[in-house]
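Participant: Residue numbers (the working numbering), protein chains in the order written: chain W, 1 to 145; chain E, 1001 to 1145. For glycine and all other residues, C-beta sits at the position ideal for the given N, C-alpha and C. For clarity, every value in this text was computed on a predicted model and none was experimentally measured. Sending over a structure as structure tokens; questions will come in a sec.
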DNA sequence: CTCCGTGCAAACTTTTTGCAACGGG
DNA sequence: CCCGTTGCAAAAAGTTTGCACGGAG
């Protein structure tokens, strides 16, 4: 686990006048290790939190200060991952069979086309586009078998 | 409301050995009128269902037979819309301020680039891509003011 | 006459909140 | 010391299920 990461989170938290407590550190550590959107249950089971209420409260704090991102996909389990400020711009592949979500980076062709389309949306619909997220839905390697 | 739509739904339901009851018809009618992902509450308030449990059950049936699609976005309200079999391939713009979700059609450049990227994901990660969904996140016209 | 769909109420799951105790700054 | 964080327990919100009635095939 890189100290850089913890320093970044620490800064983000301080900016929001929040502290980098052990509980929050454990969450960040887990997310950094797993490198994919993780369910709340996975976090508690993985020992990243002692109490569910604290976990939710800390995730909320970390989300608001921009350290983690809440990810909802097809199934009804809420997942969390490190924000793009702490990782990299990426997208998700969702297995419609087992519900697992994995990270994926898409080629510049897609990103460029999407950037242009965003400007269009802005002009046509008056919708200010701040970001985007692509979800590829299908069957993961394990579920294809 | 086009009869075509109801005929299509009717066929989809029959294929799943289900009936096109008034309750289900009302849901489809609402979704067809609103033409955007709608929350469960919006459906009940709009008079599309008399009982919440029946609404959930019917949405589940309609989803399984391919008539409606469950849409989850950033906020925690589940939304439903007509499936692409009954509408057209489209994507969503999500207002991160008020949570509203609207439909948007993206230019072929994006779709093409994404199609190529999907093949890549398939080859690189062994993930069989069946479909995709793009979410543009930002601020809607009303919330920009 | 037999099922399927419906509505009500209760159960269940997930998330949020109240409150008292703890501990770092 | 003070205030933010924590853990427990209770509450709230959203969704699902059990059961009996009613209507359609």
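DSSP beta-bridge partners for residue 56 of chain W?
Facilitator: Residue 56 of chain W pairs with nothing; no bridge assigned.
Participant: Please confirm whether residue 113 of chain W has its beta-carbon closer than 8 Å to some beta-carbon of chain E.
Facilitator: yes
Participant: Assuming residue 1042 of chain E is part of the alpha helix (DSSP H), what are its boundary residues?
Facilitator: 1040-1045
Participant: By the 9 Å beta-carbon criterion, what residues does the stretch 35-65 of chain W contribute toward chain E?
Facilitator: none
Participant: Output, in chain order, the set of chain E residues within a Cβ distance shorter than 9 Å of residue 101 of chain W.
Facilitator: Near residue 101 of chain W there are no residues of chain E at all, since even the closest Cβ is about 11 Å away, more than 9 Å.
Participant: For residue 1029 of chain E, which of E:1018, E:1006 and E:1040 has the nearest alpha-carbon?
Facilitator: Selected option, being the one with the closest Cα: E:1006.
Participant: Starting from residue 95 of chain W, follow the beta strand (DSSP E) in both directions and report where the run begins and ends.
Facilitator: 91-95
Participant: In the structure shown, what three-state DSSP assignment does residue 1072 of chain E receive?
Facilitator: Reduced to three states, the DSSP call for residue 1072 of chain E is coil.
Participant: Can you tell me where the beta strand (DSSP E) with residue 1016 of chain E in it begins and where it stops?
Facilitator: No beta strand (DSSP E) contains residue 1016 of chain E, which DSSP labels as neither H nor E.
Participant: According to DSSP, simplified to helix, strand and coil, what is residue 1084 of chain E?
Facilitator: For residue 1084 of chain E, the three-state secondary structure derived from DSSP is coil.
Participant: Residue 126 of chain W by DSSP, collapsed to three states: which one?
Facilitator: coil
Participant: Let me make sure I understand the geometry here. Which of E:1135, E:1008, E:1125 and E:1124 has the alpha-carbon closest to that of residue 1101 of chain E?
Facilitator: For residue 1101 of chain E, the nearest C-alpha among the options comes from E:1135.
Participant: Quick check on residue 1031 of chain E: does DSSP put it in helix, strand or coil?
Facilitator: helix
Participant: Report buried or exposed for residue 12 of chain W, applying the criterion of at least 16 other Cβ atoms within 10 angstroms of its Cβ.
Facilitator: buried
Participant: Quick check: the Cα distance between residue 45 of chain W and residue 98 of chain W, rounded to an integer number of angstroms?
Facilitator: 19 Å
Participant: How would you call residue 1035 of chain E, buried or exposed, if buried means at least 16 neighbouring beta carbons within 10 angstroms?
Facilitator: exposed
Participant: Can residue 1083 of chain E and residue 1068 of chain E be called in contact, C-beta distance under 8 Å?
Facilitator: Contact flag set, yes.
Participant: Can you name the residues of chain E whose CB is closer than 9 Å to the CB of residue 72 of chain W?
Facilitator: Per Cβ cutoff of 9 Å: 1072, 1073, 1074, 1075 and 1076.
Participant: Residues of chain E with a CB under 9 Å from the CB of residue 93 of chain W: which are they?
Facilitator: The contacting residues are 1121, 1125, 1127 and 1129.
Participant: Excluding sequence positions up to five away, which residues of its chain have a Cβ less than 8 Å from the Cβ of residue 1026 of chain E?
Facilitator: 1047, 1048 and 1049
Participant: Secondary structure at residue 1008 of chain E, three-state DSSP: helix, strand or coil?
Facilitator: helix
Participant: Measure from the alpha carbon of residue 60 of chain W to the alpha carbon of each residue in W:40, W:131 and W:73, then state which is nearest.
Facilitator: Selected option, being the one with the closest Cα: W:40.
Participant: Can you tell me the Cα-Cα spacing of residue 1113 of chain E and residue 1119 of chain E, whole angstroms?
Facilitator: Rounded to the nearest angstrom, the two C-alpha atoms are 10 Å apart.
Participant: For chain W, find out if any of its Cβ atoms is closer than 8 Å to the Cβ of residue 1009 of chain E; answer yes or no.
Facilitator: no
Participant: Run down chain E in chain order and give the residues with a C-beta less than 9 Å from the C-beta of residue 118 of chain W.
Facilitator: Under the 9 Å cutoff, chain E gives 1136 and 1138.
Participant: So the candidates are W:111, W:123, W:106 and W:121; which of them puts its Cα closest to the Cα of residue 1117 of chain E?
Facilitator: W:106
Participant: Return the bridge partner residues of residue 1135 of chain E from the DSSP annotation.
Facilitator: W:133 and E:1092
Participant: Is residue 36 of chain W close to the ligand ATP? I mean its beta-carbon at under 7 Å from any heavy atom of the ligand.
Facilitator: In the structure shown, the ligand ATP is absent, as is every other ligand, since no ligand is present at all.
Participant: Among residues of its own chain, excluding the 5 on either side of residue 1110 of chain E, which ones have a beta-carbon nearer than 8 Å to its beta-carbon?
Facilitator: Only 1134 meet the Cβ criterion.
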